[in-house]
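In the numbering used here, the protein residues as written are 25 to 152.
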RNA sequence: UCCGCAAGCCAAUCGGCCGCGGGUGCCACACCAGAAGAGGCCCGGAAGGGCCGCUCCAAGGAGGCAUUCGAGGAAAGUCCGGACACCACAGAGCAAGGGUGGUCGAGUAAAUCGACCCGGCGAAAGCCGAGGGAAAGUGCCACAGAAAAUAACCGCCUAAGCCGUCGCGCCAAAGCAUUCGUGCGGAAGUGUGAUGGCCGGCAAGGGUGAAACGGUGCGGUAAGAGCGCACCAGCGUCACGGUGACGUGACGGCUAGGUAAACCCCGCCCGGUGCAAGAUCAAGUAGGACCGCCGACGCUGCUCGCCGAGGUCCAGGUAGAUCGCAGGGGUCAGAAACCGAAACAGUUCGCAAGAACAGCUGAAAUCACAACACCCCGCCCGUCGCGCCGCGAAGCUCCGGCCGAGCGAAACGAAGGGCAGAUAGAUGGCCGAUCAACGACAGAAUCCGGCUUACAGGCUUGCUAAGGGA
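Encoded structure:
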């Protein structure tokens with residue numbers, strides 16, 4: 025199977041509303057003050073590369089702010105891709121104060137926050 | 001130079017690496033899907049259906065490489081208008097409801113634009129105004145104030161009328177005096193002056209207010225008043241100027257508060273919903289018609305009926321997909337040309353219902369859309385030209401420089417590059433350099449024309465007033 029080079033490419037994103045719903049309803053979640061990470065085991069037998077969805081609500085700010093938050097999260101995810109288990113769908117939800125984190129700490133702040141959330145989640149996964 | 005005003009423009013810049021979305025070209029077939037071929041296996045009584053790998057193809061998806069394009073002046077608010085789509089009515093008028101409102105011109109239209117008029121603000125440049133009608137009618141005008149529309153609290157005035165008081169006259173009567181002529185006298189009466197009151201007159205002044213029944217001055221008056229006059233403002237008529245809003249002048253009669261984004265009257269305009277409009281295709285599930293090989297039941301058999309499973313076709317249409325949708329048009333319509341006609345006569349599959357193909361006419365018989373190619377137009381960029389500066393006696397071009405800001409290409413004419421189009425929604429990240437030094441407001445979502453609102457800093461041009469210099 026030809027690897028899609030980047031997690032930012034179209035095929036590696038969650039695209040359908042039903043896919044988001046599935047992750048929200050059936051997945052597990054972990055959160056801090058700024059971000060919420062949902063994850064869902066898609067197919068246990070045939071683990072593919074993980075897929076990502078980003079959701080930024082209106083509470084975060086106006087369109088320019090939302091765009092900036094979304095792009096920053098995508099960049100951070102692309103750099104964290106190696107540390108993420110295959111076969112999972114992730115949704116990163118930006119909470120209302122997320123713009124504050126992006127403005128203050130930039131991409132690195134978001135990356136650190138995501139790394140902690142994702143590893144905490146996989147630990148609880150192992151404990152299961 | 002500085003204060004201000006107007007118009008236009010920019011929206012940090014440059015380089016490297018990595019990345020995202022669209023278009024185009026090429027590669028590739030290891031993945032998914034598909035076409036063809038031969039083969040194997042499974043389910044089924046059969047018709048038929050399914051699965052597996054192999055060979056081959058390249059015309060899809062995903063992928064790789066290359067190339068090209070990729071947020072704004074407001075993309076925003078969704079406030080007007082138009083295109084487009086569907087729905088409704090399918091004629092006209094009236095009514096209702098909503099909108100709109102100086103004039104002329106531009107514009108498909110607009111709560112649009114330009115010029116002008118009028119009013120307000122400003123010293124000016126200039127800015128602001130939904131700016132028809134208040135003598136059609138109704139209503140309202142807070143607080144304050146006597147009063148908010150046929151005004152009278154303080155105030156001013158007693159000219160006319162009435163009632164007093166006092167002074168001074170006139171004077172019939174009584175009375176007194178008398179030279180008998182008349183004189184004095186004076187109640188009542190009457191005249192006049194002063195004064196008090198009643199009945200009144202007035203609207204100048206004060207006070208209240210956003211606004212108080214035109215303003216200023218002179219005359220006039222008891223006091224006053226358009227009562228008279230002059231000028232001003234307003235109204236009407238006429239004349240002149242202007243396409244017109246309106247302006248100017250003359251004359252007239254002397255007065256009419258404000259408010260219509262209060263009701264209302266007048267003129268003009270107006271179906272509704274919005275691209276989540278809507279169109280096309282279409283799994284699955286349920287539905288309808290038909291077929292009658294198989295099974296069950298009615299009936300032991302045949303026929304028939306019914307049920308089940310199976311098959312064929314059909315309609316509607318969910319998930320989903322595609323289009324709408326990326327500047328516009330031409331080549332691009334034609335003899336039936338959007339699902340056709342004729343025929344059931346061909347071939348294949350099927351028990352059959354039927355399906356697919358072929359044949360005839362024809363360039364084409366699924367069409368349309370899309371795409372490629374070429375051409376034309378529009379817009380943008382840059383070129384060029386207009387333009388600016390210098391030199392000079394003289395510059396559209398003709399010698400040199402600047403293209404800083406901007407504009408133009410209507411006609412003729414030259415060559416080049418470009419035109420965002422996503423659908424959990426692309427236009428970004430990191431590093432380095434520079435600055436007026438960390439860069440405002442802010443992110444396309446059907447398109448177009450406006451309006452409004454937000455906004456750091458900077459640039460260009462023109463203008464006003466003041467000061468300075470020549």
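All C-beta atoms, glycine included, are put in the ideal place defined by N, C-alpha and C.
Exercise for review: Consult DSSP for residue 112 and reduce its assignment to one of helix, strand or coil.
Suggested key: Residue state, collapsed to three classes: strand.
Check your understanding: Which residues bound the alpha helix (DSSP H) around residue 93?
Key -> First-last of the alpha helix (DSSP H) with residue 93: 87-104.
Review point. Since residue 48 is in the beta strand (DSSP E), which residue starts that stretch and which ends it?
Key: Per DSSP, residue 48 belongs to no beta strand (DSSP E); it is in the alpha helix (DSSP H), 41-50.
Exercise for review: Would you identify the three-state DSSP class for residue 81, choosing helix, strand or coil?
Suggested key: Here residue 81 sits in coil by DSSP.
Point to revise | Coil, strand or helix - residue 55 by DSSP | key: Residue 55 falls in the strand class under three-state DSSP.
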